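This report concerns only the one structure given below.
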Amino acid sequence: MSLKQQVNRKNSKPVILMSMGHQDRNGHSYQVMTHKYMQPLVEFSNCVPLLIPTCFGVADIEQYLDMADGVYLSGAASNIDPALYGQENLTPDKKQDKDRDLVDLALIKGAVARGLPILGICRGMQEMNIAFGGDLYQKVHDEDNLNDHREDPDGSPEEQYGESHKIALVKGSWLHTLLGDEIGVNSLHGQGIRTLGKGLEPLAYAEDGLIEAIHAPGLPQFTLGVQWHPEWKAAENPDSIKIFKVFGEACRRHASGGFDLHMGKAS
874 MSLKQQVNRK NSKPVILMSM GHQDRNGHSY QVMTHKYMQP LVEFSNCVPL
924 LIPTCFGVAD IEQYLDMADG VYLSGAASNI DPALYGQENL TPDKKQDKDR
974 DLVDLALIKG AVARGLPILG ICRGMQEMNI AFGGDLYQKV HDEDNLNDHR
1024 EDPDGSPEEQ YGESHKIALV KGSWLHTLLG DEIGVNSLHG QGIRTLGKGL
1074 EPLAYAEDGL IEAIHAPGLP QFTLGVQWHP EWKAAENPDS IKIFKVFGEA
1124 CRRHASGGFD LHMGKAS
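Quick note on numbering: the working numbering labels position 247 of the sequence shown as 1120, and the sequence is numbered without any gaps.
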């Protein structure tokens, strides 16, 4: 990168990688990303999304990472291939997107190696856990000690994304400082974290004890995965705004070569 390019990059908004997912429509194969995930990244993180097609594999991941100041892993309707965490598939009726699985795992590992901030939502948090060697409950609702965290399939989007339950933030954590003791969240997932990946720690729990937020405190960069959907009508939710703002701040600090004061570490 030339000096001029470096100066222009430093004076521009952070570039955030977002992977797209596969969707079939009328006999055609599409790569898609839902507007609701991008909107708060633009409006509150003040960043530029760079969408990555996942249908071409991982050969160009490093080139994409060269352009990035952060990685943002969205949710999706598909489940992660259980073979990636050593289990047989217990939900064969659910969609999978194996191309996205491989791209996102490569993005996470590349972001970790480069010190890029990472934000994962729902499926994105689960991907983070798998990338660090953890695994999942494939059917949270079938576990005796856990609640049913799925949305009503017949409900309107407003009902599905409405507040479902409370979560308790881990006291003394940076997310507790940011959000307080307890917040209400939506819940639209059938799977959840069973075993935490190496180096990950919980930041919040649901009322039944299911992990609702994670980070990697041993890494120098900002890391956050949340099981709920803060992107849904983020402008109407002060907690969501805080999450996207702090992610944007971390990405700006990384882009400028500064310090991640939020985590108290260099980024």
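All C-beta atoms, glycine included, are put in the ideal place defined by N, C-alpha and C.
Since the structure is predicted, the reported quantities are computational estimates derived from the model, not experimental observations.
- Here T964 is not near Q1033, since their CB atoms are 7 Å or more apart.
- Each of Y958, P955, I925 was checked against the Cα of L946, and the nearest Cα belongs to I925.
- Here the alpha carbons of T1050 and H908 stand approximately 29 Å from one another.
- Looking at V1043, D1081, G894, the one whose alpha-carbon comes closest to that of D1017 is D1081.
- For the set I1040, A1107, D1008, the Cα lying nearest the Cα of Q912 is the one of A1107.
- Distance from the CA atom of K982 to the CA atom of V905, rounded to whole angstroms, is 23 Å.
- Residue environment: E1085 is assigned as buried (16 or more neighbouring CB atoms within 10 Å of its CB, all protein chains considered).
- Taken in chain order, the whole alpha helix (DSSP H) runs of length 4 or more contained in the stretch 909–989 are 934–939, 971–987.
- For G1053, the CB contacts under 8 Å within the same chain, skipping 5 residues up- and downstream, are L1042 in chain order.
- Exclusion of the five residues before and after L980 leaves L890, S892, I934, V944 as the residues of its chain whose Cβ lies within less than 7 Å of its Cβ.
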